[in-house]
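Participant:
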Amino acid sequence: MKKILLFFLFTLLVTAVWGQPNAWINEFHYDNDGADQDEFIEIVIADVGGLTLSDFAVDLYNGNGGVSYGAVTMDNFTVGNTVGDFTIYSYVFSSIQNGAPDGMSLTYQGTLITGQFLSYEGVFDATDGPAIGVTSTDILVSEPGTTPIGHSLQLTGTGTQYSAFTWASPAANTMGAANNDQTLGTVPPDTDPPVWTTSYPYIYSMLDTKGQIAVNMDEPGKVYYILVNDDATAPDAGQVIAGNDYSAVSVLVHDSIDVIADNTEYLQWIEGVGIVPETPYDIYVIAQDDESTPNV
Numbered sequence: 004m005k006k007i008l009l010f011f012l013f014t015l016l017v018t019a020v021w022g023q024p025n026a027w028i029n030e031f032h033y034d035n036d037g038a039d040q041d042e043f044i045e046i047v048i049a050d051v052g053g054l055t056l057s058d059f060a061v062d063l064y065n066g067n068g069g070v071s072y073g074a075v076t077m078d079n080f081t082v083g084n085t086v087g088d089f090t091i092y093s094y095v096f097s098s099i100q101n102g103a104p105d106g107m108s109l110t111y112q113g114t115l116i117t118g119q120f121l122s123y124e125g126v127f128d129a130t131d132g133p134a135i136g137v138t139s140t141d142i143l144v145s146e147p148g149t150t151p152i153g154h155s156l157q158l159t160g161t162g163t164q165y166s167a168f169t170w171a172s173p174a175a176n177t178m179g180a181a182n183n184d185q186t187l188g189t190v191p192p193d194t195d196p197p198v199w200t201t202s203y204p205y206i207y208s209m210l211d212t213k214g215q216i217a218v219n220m221d222e223p224g225k226v227y228y229i230l231v232n233d234d235a236t237a238p239d240a241g242q243v244i245a246g247n248d249y250s251a252v253s254v255l256v257h258d259s260i261d262v263i264a265d266n267t268e269y270l271q272w273i274e275g276v277g278i279v280p281e282t283p284y285d286i287y288v289i290a291q292d293d294e295s296t297p298n299v
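Mapping to the numbering used here: the sequence shown position 209 is 212, numbers consecutive.
1. Assign Q23 to one of two classes, buried (16 or more other C-beta atoms within 10 Å of its C-beta) or exposed (fewer than that).
2. Straight-line CA distance for I142 to P204?
3. Put V243 into one of helix, strand or coil per three-state DSSP.
4. In the DSSP assignment, find the beta strand (DSSP E) that holds M178 and state where it starts and stops.
5. Going by DSSP, name the residue or residues bridged to N232.
6. How is A237 classed by DSSP in three states: helix, strand or coil?
7. Counting Cβ pairs closer than 8 Å, one from the region 215-232 and one from the region 285-296, do we hit at least three?
8. Per DSSP, which residues does I48 bridge with? Please list them.
9. When DSSP builds the beta bridges, which residues end up paired with V226?
10. According to DSSP, is D105 helix, strand or coil?
11. List, from N- to C-terminal side, the beta strand (DSSP E) runs of 3 residues or more that fit wholly inside the region 106-151.
12. For the beta strand (DSSP E) that S71 lies in, which residues bound it at each end?
13. Going by DSSP, what residue range makes up the beta strand (DSSP E) through L270?
14. Distance check for A264 and V20, CA to CA, integer angstroms please.
15. Would you mind reading off the limits of the beta strand (DSSP E) that contains I206?
16. Should P104 and S93 be called a contact, given that it needs their Cβ atoms to be closer than 8 Å?
17. Tell me the DSSP bridge mates of Q215?
18. Quick one: measure Cβ to Cβ for A175 and T110, integer angstroms, because I've assumed they're closer than 8 Å.
19. Could you pull the DSSP bridge partners for F59 from this structure?
20. Does DSSP classify N67 as helix, strand or coil?
21. Quick check: the region 83-102 against the region 173-187, are at least 3 beta-carbon pairs closer than 8 Å?
22. Could you tell me which of I278, G69, S202 sits nearest to D233, measuring between CA atoms?
23. Any idea if I244 is buried or exposed, counting beta-carbon neighbours within 10 angstroms, 16 or more meaning buried?
24. Going by CA-CA distance only, name the one from Q100, D211, Y165 that's closest to T282.
25. Provide the residue span of the beta strand (DSSP E) that contains Q157, from first to last.
26. Just the C-alpha distance for A235 and D285, rounded to the nearest angstrom, thanks.
27. Kindly list the residues whose CB is nearer than 7 Å to the CB of F43, restricted to its own chain and excluding five residues on each side of it in sequence; keep chain order.
28. Please state whether the Cβ-Cβ distance between V218 and I273 is less than 8 Å.
29. Would S108 and P133 be called neighbours here (beta carbons separated by less than 8 Å)?
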């Protein structure tokens, strides 16, 4: 719960911080015995229902110079299997370079997803594109020119995010499905309360007898607030949500704000009968998520 001192005299500015989806490069193929065939990249995305595929893109990187030599947005990928909360997508490229080193990146809304600038057969620094200035992470396995046709490099292990898995040597490809020796776990229930975006909540603008509150948090849900006289006894979370008078304290204003999208600013005027200009008041604010059993 946050407390804001409201004094009807000042105005502040807006800040925003954006989160990243749970998505990663899961499998790819770039070299095989003879002429290269069916070179592809596979991506796993968790909880894709609230996301837009065209916001994701894969860039291919040339390790000689660190430049991007091709990019495809994921609305062009083929949807494969869904395993629990995870959906698998793949795309067959006309050509993926054979390394020593080369690599690829996965981005969301033009920003590199953390840990998703990968390389094979060495490391290099990106000099352009979405990974510019970043050093690649070598997956430490590769496909030699003798790799059988129909094989690929794949993540193995059990988990719900990229860091839980390990890259394995070439094996028969599973394009569009979970990999060999890979178990995609169900995302565990959310038991964490919402987290305020940096600098939120705060008073965005002021008039004589009302102020505009700004809220922004890391998941959808609901924000409750009450306005009381300055230095009144602090309420607990349940009293803020209920909005009733408590412990001999009169609640002057009680209201709520529906937070439809994460990391998005919402504004609402706080006004009520009997608010006196140039008088300090306390605002108590509670963030609650949209789980069936809400976390506060």
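Idealized CB from N, CA, C, for every residue including glycine. Note that the coordinates shown come from a computational prediction; the quantities given were computed from them, not determined experimentally.
Facilitator: According to the structure data:
1. The count along the sequence shown starts at 1 and reaches residue 23 at position 20. Result: exposed.
2. Within the sequence shown, numbered from 1, the residue matching residue 142 stands at position 139. Within the sequence shown, numbered from 1, the residue matching residue 204 stands at position 201. Roughly 41 Å separates the two Cα atoms.
3. Indexing the sequence shown from 1 puts residue 243 at position 240. Residue state, collapsed to three classes: helix.
4. In the sequence shown, counting from the first residue as 1, residue 178 sits at position 175. Counting along the chain, M178 falls outside any beta strand (DSSP E), and DSSP gives it neither H nor E.
5. Position 229 of the sequence shown, counted from the start, is the residue given in the question as residue 232. Y284.
6. Numbered from 1 along the sequence shown, position 234 holds the residue referred to as residue 237. If DSSP states are grouped into helix, strand and coil, A237 belongs with coil.
7. yes
8. Translated into positions along the sequence shown, residue 48 becomes position 45. Per DSSP, A26, T90.
9. On the sequence shown, position 223 is the one that residue 226 refers to. Note: V226 sits in a beta bridge opposite I260, A290.
10. Counting from one through the sequence shown, the residue named residue 105 turns up at place 102. In this structure, D105 counts as strand in the three-state DSSP scheme.
11. 114-123
12. Start at 1 with the first residue of the sequence shown, and residue 71 comes out as number 68. That run of the beta strand (DSSP E) goes 70-76.
13. On the sequence shown, position 267 is the one that residue 270 refers to. Where L270 is concerned, the enclosing beta strand (DSSP E) stretches over 269-274.
14. Position 17 of the sequence shown, counted from the start, is the residue given in the question as residue 20. Position 261 of the sequence shown, counted from the start, is the residue given in the question as residue 264. Confidence in V20 is poor, its pLDDT being 32 and thus under 50, which makes the residue's placement too unreliable to answer from.
15. Here residue 206 is taken as the residue at index 203 of the sequence shown, counted from 1. Per DSSP, I206 belongs to the beta strand (DSSP E) from 205-209.
16. Within the sequence shown, numbered from 1, the residue matching residue 104 stands at position 101. Within the sequence shown, numbered from 1, the residue matching residue 93 stands at position 90. Their beta carbons are not under 8 Å apart, which means P104 does not touch S93 by this criterion.
17. Start at 1 with the first residue of the sequence shown, and residue 215 comes out as number 212. The partner list for Q215 (beta bridge, DSSP) reads S208, W272.
18. The residue you call residue 175 lines up with position 172 of the sequence shown. The residue you call residue 110 lines up with position 107 of the sequence shown. At roughly 29 Å, the Cβ-Cβ gap does not stay under 8 Å, so A175 and T110 are not in contact.
19. For the purposes of this step, residue 59 is taken as residue 56 along the sequence shown, with counting starting at 1. Per DSSP, Y111.
20. In the sequence shown, residue 67 corresponds to position 64, counting from 1. Residue state, collapsed to three classes: coil.
21. yes
22. Looking up residue 233 in the sequence shown gives position 230. When each option's Cα is compared against that of D233, the closest is I278.
23. Residue 244 sits at position 241 when you count from the first residue of the sequence shown. Flag for I244 reads buried.
24. The sequence position of residue 282 within the sequence shown is 279, counting from 1. That would be D211, whose Cα lies nearest to the Cα of T282.
25. By 1-based counting over the sequence shown, the position of residue 157 is 154. 154-162 is the extent of the beta strand (DSSP E) around Q157.
26. The residue given as residue 235 occupies position 232 in the sequence shown. The residue given as residue 285 occupies position 282 in the sequence shown. Going by the C-alpha atoms only, they are around 8 Å apart.
27. Sequence index remark: in the sequence shown, residue 43 carries index 40 (1-based). Correct list, in chain order: F31, H32, S93, Y94, V95, F96, M178.
28. Locating residue 218 in the sequence shown gives position 215, counting from the first residue. Locating residue 273 in the sequence shown gives position 270, counting from the first residue. Taking 8 Å as the Cβ cut-off, V218 and I273 do not qualify as a contacting pair.
29. Numbered from its first residue, the sequence shown carries residue 108 at position 105. Numbered from its first residue, the sequence shown carries residue 133 at position 130. In this structure, P133 lies closer than 8 Å to S108 by Cβ.
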